[in-house]
Structure formats: structure tokens, C-alpha cells
Amino acid sequence: MLALALAAPLLIAAPAWAQTAQPQSLPYDAERGVFTFATDLERALPAVVQVTTLGQSEGPSSGDNEPRPMASGSGAVLDAAEGIVVTNNHVVEGGRKFTVDLTDGRIFDAVLIGADKATDIAVLKIIAPGLSQIEVASSDTLRTGDLAFAVGYPLGLDQTLTMGVISGLGRSGMGDRIEDYIQTDAAVNSGNSGGPLLDSRGRLIGINTSILSGGGGGNDGIAFAVPSRIMMYVVEQLRTTGEVKRGTTGAILGSLNAARSRDFGLGIVRGAVVEDVTPGSSAESAGLRRGDVITRIQNRPVSNAGTVQATIGIAEPGTQVEVVYLRAGHEGRATLTVTPRVERQVIIGAEVVLARGASVRDGSTGLQVFAVEGGSPAAAAGLQAGDVIQSVNGRSVSDLSGLARALDGTGERRLSVQRGGETERVALP
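When you read off a place in the sequence shown, starting at 1, and then add 451, the result is the number in my numbering.
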């Protein structure tokens, strides 16, 4: 009798609460007697591909100088007619040649259309008949607790599907990038990078990009994906111009934390602190001031500076952005206009210098970097928040004006910085 009950679960009366809260049953295959999401997911799987990056091999030359495999990841076909494949920038970075393997066994050479380090998105193009195209859904509709499926080619295996839930939204602070990640506990491992995160209908909601690991490099149940909202903007920019040009508002931001919250007398620990405002900028015109704490942007809660940077980073110049902020315990609202970024090496504020993507203030320990803009020269050089700049090109610097003069102009700057009690050398392009 037990076997009969399990084979025909729809004949069992559900509790009253389940009948009201769950009007539709889970997808059920009556022929096999199992619950399954296979029907919708199988439509997406042929569009998930393996990406191999080839570059110069290390060690003694073989004489033929042919590029050798140096990295492998996953990707998804977004436009079957044009052969457009999206993957991660870190999968293709440094490569000389790229190949794309399809689920039907075919392999094609790919051309790199463009890549964006700040969002870790890259676009490849292949010429191939009979491609399948993945459907894209808006990541703005996601809720914590939604089912999520990660697809890719992890750990040298063939195409692999794992299941979990959306375990968090709006995650940032993991590095010097434009971050507004989807967090999931669907198993993601090495080789999954660039592959899609799907909803239960088989639609792409994000691109798997990184994992949080306890040190062994394996899956610890926390992975991050670039949301489709950011991905689609970046892909369109790369397809159109080969690069992503971002605007600015002139607000130089840092992240709120517990210590700074106590200094401000606030009862919150999430938000973006306006460290300074560039003279003549949109932020200045909108009335933002140093010390304001931005708590919402475009009606979305702000976790830290990364949340604001992610929104501004995918906004076209001319876009108006609504923010809610706290000032002296009172809530205020402002409308910022995103303006084209002026290619200036150094921007001087009242109490902050923004140089090549690094925001620096004169703190108790010296000239301290408190923020590094994703995709900037400072981020590429490995400069980190918390670094204390001691010298530039061998000459000591002790104040902001001296630092601004030392970093202005073109050419590489060699920085000596104090980091965690050790002296580090940073080559700032």
C-alpha cells in the first residue's frame, strides 16, 4: 500500500494550508511517477557550452609555437542567429585563441568580441548552424528562496546540472568589481565559471562567476552570479562598441560598517557613505554632502558602496537616478544625473583625492585608500582598500595635495604602500 501511495501522490488529499498556499502542484511526470523540472530545463541545456581558452604554453618551447589550453569554463548562447556566447572575463583573460564545444559534440573556433573586467563578463562569437538559444529572464523579479539551477562543465566533467535556492540578493564587497551578485547554494565549482544560473522554468537569471570557499577551493554552498540585469547591459555594450563606457555622478563613496555607524550615531550598518563630492558634479548639484549615508537607490536597498556602483555602472549617461539618504538622522531624497566620465587621472575633492580609480583620504595612519573602483587602473594594479600610501616613484608623500601632484599626468607610478604591517610595491598604470 505504501508503494501505491507513493506512485500516485496526487490522489492523497493535501492539508488545508497547502491547498490555499499552493494552488498548483509541482511538475509531475505521471508516466514515470516522479516530480521533475526536466521538461523546462532540457530546453535550455543545448544552449550551455564549454569554453576553452588557449595561450602560450609555459616551459621549453616545442618549436611550433601553437597555443595550448590554459583555462576552461562554461558559457551560454544568447543569440543563435548571430552565434553570440556569453561567459566570464576571467575565463578568456590572456587568451590567444578560443574554442566553444556544443552538447552535440561539435567544436568551433570563437572570436572575442569584447570583455569587461569590472563585471567579469565577456562575449564570444562563433559561426555555427543549428544553435540553440537560451531564454533570459529578469533578475529583478528574484526572491530569496526561489529554486535555482547551475549548469556548466565543472572539474573536467561533461555538462552538469545542480540545484539549490537563491540564498541571497544584492551581494557585494567580495572584490574590486561592480558587484550586485545573486547568491545561491546550487553547487558551483571550477569550470562552472561563465555558465548560466537558471530559474525553475529553465530561463537564465545570472552568470555564475565565483564561489566562497573555506580554503580547499571546493564548493562550500555559497556561490555568486552576475544578475541578468547587469549581464544584458554589458553584453549589448560589448556587441555594439567592443567596450563598456560608464558614467559617473561625482559622488565618491565608501561602505558603511559598524564602527562608522557608531560614529554617525546610526542604528544601521548597511549603506554607502558619501566620502566627498567632486566640485561641479551632478552629486553636488543634487545637494549631496560629505557624510550623507545613501540607504536606497532606484527604490532598492543599499548594502554598501558596491550596490550604488553597480546601479550607476550600468546606467546610460543622462539617466536620472533616485537616491534616499540619511543626514544628521533625517531622511532626504535626491535625483542624480549620470554624466559621461571625464578621463582625468586625478580628481581633487575637499577632503578626498580620487586617482586612477583609488579613493584616498588623510586618515590617522596616513594617506589611506578607502575604496577602489571596479575595473579601474588601481584595481588592475592590485591596490586595496586599507592600503596606506607612503611614497610615489621613491618620493615620500605626506598630504593629499602632494599625492595629487605625484599621481597627476600620464605614465606608470610606482607606489610603496603599507598593508597589514608589511610594505608592498604597487605599479599603478
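Glycine residues also receive a C-beta, built at the ideal position from the N, C-alpha and C atoms.
Please read these numbers as outputs of a predicted model, since none were measured by experiment.
Residue span of the beta strand (DSSP E) that contains residue i, given as start and end
i, result
"Leu655", "Leu655 to Ile662"
"Leu648", "Pro647 to Leu649"
"Ile633", "Tyr632 to Thr635"
"Ile703", "Ala702 to Ser706"
"Gln835", "No beta strand (DSSP E) holds Gln835; DSSP gives it neither H nor E."
"Gly621", "Thr611 to Arg622"
"Val421", "For the chain, the structure presents residues 452 to 880; residue 421 sits outside this window and is missing."
Spatial neighbours of residue i in its chain, beta-carbon cut-off 6 angstroms, leaving aside the 5 residues before and after
i, result
"Ser733", "Thr700, Gly701, Leu787, Thr788 and Thr790"
"Pro518", "Leu505, Gly506, Arg547 and Lys548"
"Ile765", "Ile681 and Tyr684"
"Leu477", "Phe486"
"Ile799", "Ala855"
"Val724", "Gly705, Leu707 and Val744"
"Ala456", "In this prediction, Ala456 scores a pLDDT of 37, lower than 50, which makes its location untrustworthy; no coordinate-derived value is stated."
"Ile577", "Gly534, Val551, Phe559 and Ala561"
"Pro497", "Thr554 and Ser583"
"Ile673", "Leu663"
Segment limits, alpha helix (DSSP H) that includes residue i
i, result
"Asp727", "From DSSP, Asp727 is part of no alpha helix (DSSP H) but of the beta strand (DSSP E) over Ala723 to Val728."
"Ser684", "For clarity, residue 684 is Tyr in the given sequence; the question names Ser instead. Start and end: Ser679 to Thr692."
"Arg792", "Note, Arg792: premise wrong, no alpha helix (DSSP H); not H, not E."
"Phe715", "Ala709 to Phe715"
"Thr861", "Per DSSP, Thr861 belongs to no alpha helix (DSSP H) and is neither H nor E."
"Gly738", "Run containing Gly738: none; DSSP gives neither H nor E here."
"Ala761", "Ala756 to Gly764"
Close beta carbons around residue i, own chain, < 7 angstroms, minus the five adjacent residues each side
i, result
"Ser867", "Gln841, Ser842, Thr874 and Arg876"
"Thr884", "No answer is possible for residue 884: the residues shown for the chain start at 452 and end at 880."
"Val804", "Val797, Val811, Leu851, Leu854 and Ala855"
"Gly693", "Ile564 and Gly565"
"Asp530", "Gln584"
"Val720", "Leu707, Asn708, Ala709 and Ser712"
Bridge-paired residues (DSSP) for residue i
i, result
"Ala840", "Sequence inspection shows Ile at residue 840; the Ala mentioned does not correspond to that position. Paired residues: Leu818 and Val868."
"Val744", "Val724 and Leu777"
"Asp480", "Val485"
"Asp813", "Leu818"
"Thr699", "Thr790"
"Arg751", "Ile748"
"Thr504", "Ala522 and Phe549"
"Gln771", "Thr788"
"Val877", "Leu866"
Own chain partners of residue i with C-beta closer than 8 angstroms, once the 5 adjacent residues on each side are dropped
i, result
"Glu863", "Ala878, Leu879 and Pro880"
"Thr550", "Val502, Thr503, Leu505, Ile558, Phe559, Asp560 and Ala561"
"Ala458", "Any reading at Ala458 needs caution, since the residue's pLDDT is 37, under 50, leaving its predicted position unreliable; the model's value is listed next. Once the five neighbours on either side are set aside, the close Cβ partners of Ala458 are Gly484."
Next item on the list: Could you pull out every unbroken alpha helix (DSSP H) segment of at least 4 residues lying fully inside the segment 508–572, listed in chain order?
Entry: Runs found: 540–543.
Margin query: Tell me whether the segment 587–603 and the segment 722–732 touch, counting them as touching only if at least three CB pairs, one residue from each stretch, are closer than 8 angstroms.
Written below: No, the segment 587–603 is not in contact with the segment 722–732.
Notebook entry, point to check: Is there contact between the segment 599–610 and the segment 636–651, where contact requires at least three CB pairs shorter than 8 angstroms?
Noted result: A contact is defined here as three or more CB-CB pairs under 8 angstroms, and the segment 599–610 meets this definition with respect to the segment 636–651.
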